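Enquirer:
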Amino acid sequence: MKKIVKIFEDFARDFEATLRDDDWSRLEDYFAEDATYQNVGSPDPKCKGRKAILDYLKADVSNTDRRFDNRTLIALSPPVTDGDRLTRRWRMTYTLKGAPDLVVDGEARYLFEGDLIKALEEEPTASSKRNLESWMSQHGSRL
Numbered sequence: 001m002k003k004i005v006k007i008f009e010d011f012a013r014d015f016e017a018t019l020r021d022d023d024w025s026r027l028e029d030y031f032a033e034d035a036t037y038q039n040v041g042s043p044d045p046k047c048k049g050r051k052a053i054l055d056y057l058k059a060d061v062s063n064t065d066r067r068f069d070n071r072t073l074i075a076l077s078p079p080v081t082d083g084d085r086l087t088r089r090w091r092m093t094y095t096l097k098g099a100p101d102l103v104v105d106g107e108a109r110y111l112f113e114g115d116l117i118k119a120l121e122e123e124p125t126a127s128s129k130r131n132l133e134s135w136m137s138q139h140g141s142r143l
């Protein structure tokens with residue numbers, strides 16, 4: 001197994017643990033000090049720096065994931081590597097009692113610098129963006 005795949009898998013596992021216990025400090029050692037994060041295609045600004053990334057992720061989880069009754073993340077593809085880059089397609093399903101499931105598909109793209117994440121981009125598919133907008137207009141007030 002490539003080293004960056006192991007780092008990615010450890011990060012993914014620790015991210016899920018962080019969602020359960022809100023200990024965001026466990027993720028600090030995965031990011032380079034000058035790392036960047038961008039949710040491509042969203043109005044969210046590009047985050048620069050480890051602290052800014054973790055602050056953004058914590059706020060995003062609080063404002064989105066935790067407002068639903070449940071969230072389920074599955075991999076749609078294994079991690080694919082190309083040198084110091086790793087990509088993986090994913091599907092997030094959010095459930096809220098009394099509303100249809102919200103399903104968002106996308107791709108995560110990582111750039112590693114040694115053992116650290118130097119850049120992370122997440123991009124929902126175009127159809128998922130449309131589904132999200134439609135779902136939010138119909139059911140978002142219930143969150």
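All letters in the sequence shown, in the order written, are residues 1 to 143 by the UniProt record's numbering.
Using N, Cα and C, we set each Cβ at its ideal position, and we do this for glycine too.
Just so it is clear, the structure is predicted and the values come from calculations on it, not from any experiment.
Have a look at Y30 and K46 and give me their C-alpha separation to the nearest angstrom.
Expert: 18 angstroms
Enquirer: What do you get for P100, buried or exposed, if any count of 16 or more other CB atoms within 10 angstroms of its CB means buried?
Expert: exposed
Enquirer: So if DSSP puts T64 in a beta bridge, which residue, or which two residues, is it bridged to?
Expert: DSSP output for T64 lists no bridge partner at all.
Enquirer: Going by the DSSP bridge assignment, what does N39 pair with across the sheet?
Expert: In the DSSP assignment, N39 forms a beta bridge with E122.
Enquirer: Tell me whether K97 sits in a helix, a strand or coil according to DSSP, three-state version.
Expert: coil
Enquirer: Where S62 and K129 are concerned, what is the direct C-alpha to C-alpha distance, given to the nearest angstrom?
Expert: 20 angstroms
Enquirer: What does the alpha-carbon distance come out to for the pair F112 and K118?
Expert: 5 angstroms
Enquirer: Measuring alpha carbon to alpha carbon, tell me which of D65, K2, R50, P78 ends up nearest E16.
Expert: D65
Enquirer: Buried or exposed: Q138, going by 16 or more other Cβ atoms within 10 Å of its Cβ?
Expert: exposed
Enquirer: What residue from L116, A108, S127, G83 has the CA that sits closest to E28's CA?
Expert: Between E28 and the set L116, A108, S127, G83, the nearest pair of CA atoms involves L116.
Enquirer: Identify the residues that DSSP records as bridge partners of K48: which are they?
Expert: The beta-bridge partner set that DSSP reports for K48 consists of T36.
Enquirer: Taking the alpha-carbon positions, what's the S25 to G49 distance?
Expert: 14 angstroms
Enquirer: Near D120, what residues of its chain come up, given a Cβ to Cβ distance below 6 angstroms and the 5 sequence neighbours on each side ignored?
Expert: Reading off the sequence, residue 120 comes out as Leu, not Asp. When the five nearest sequence neighbours on each side are left out, the beta carbons in the same chain lying within less than 6 angstroms of the beta carbon of L120 are those of Y37, Y110, in order along the chain.
Enquirer: Are the beta-carbon atoms belonging to V104 and P124 less than 8 angstroms from one another?
Expert: yes
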